[in-house]
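Colleague: Residue numbers (the numbering used here): 7 to 132.
Below is the structure I would like to discuss, written out as structure tokens.
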């Protein structure tokens, strides 16, 4: 290989390295969260006071966080499997995460945790 070709290849390699070093690495941005939570014992239907042996928490997210979650877990549930009977409501589920969009109240997501095990569970019932 000629000296000229080696020089050109070397220059290309250096330019490539310089360009990759200039690229800014973007990270995910933390965003504000709007919602409520309720600690309880028993089942979601009972919502008894929590005890040392029976502690759960149900989270309800609203606003932009709920919208982002809703958009991230699509597609919509088929109407016959959805909780709401309103044809204008949209519902999406993934595991124990349930997100709903309604014209009246916007985006809402529900998620629960068993605080003894750390496992996710339903955060709402139909």
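Just so you know, even glycine gets a beta-carbon here, dropped at the ideal spot from N, CA and C.
Given the structure is predicted, the values throughout are model-derived calculations rather than measurements.
Reducing DSSP to helix, strand and coil, say where residue 120 ends up.
Modeller: Strand, per DSSP.
Colleague: Should the region 89-106 be called in touch with the region 30-49, which here means at least 3 C-beta pairs below 8 Å?
Modeller: Judged by Cβ distances under 8 Å, the region 89-106 makes no contact with the region 30-49, as fewer than three pairs qualify.
Colleague: Compare the C-beta of residue 36 with all C-beta atoms of chain D and state if any pair is closer than 9 Å.
Modeller: In the displayed structure, chain D is absent; only one protein chain is listed.
Colleague: Can you pull the DSSP bridge partners for residue 60?
Modeller: Paired residues: 57.
Colleague: Answer yes if the region 107-125 comes into contact with the region 62-69, meaning at least three C-beta pairs across the two stretches below 8 Å, and no otherwise.
Modeller: Yes, the region 62-69 is in contact with the region 107-125.
Colleague: Could you spell out the range, first to last residue, of the alpha helix (DSSP H) harbouring residue 78?
Modeller: Looking at the DSSP string, the run of the alpha helix (DSSP H) that includes residue 78 is 70-79.
Colleague: Please work out which residues of its chain come closer than 8 Å, Cβ to Cβ, to residue 13, disregarding the five sequence neighbours upstream and downstream, and give them in chain order.
Modeller: Note that residue 13 scores a pLDDT of 48, beneath 50, so its modelled location is shaky; the value from the coordinates is reported in the next line. Cβ neighbours of residue 13 beyond the five flanking positions: none.
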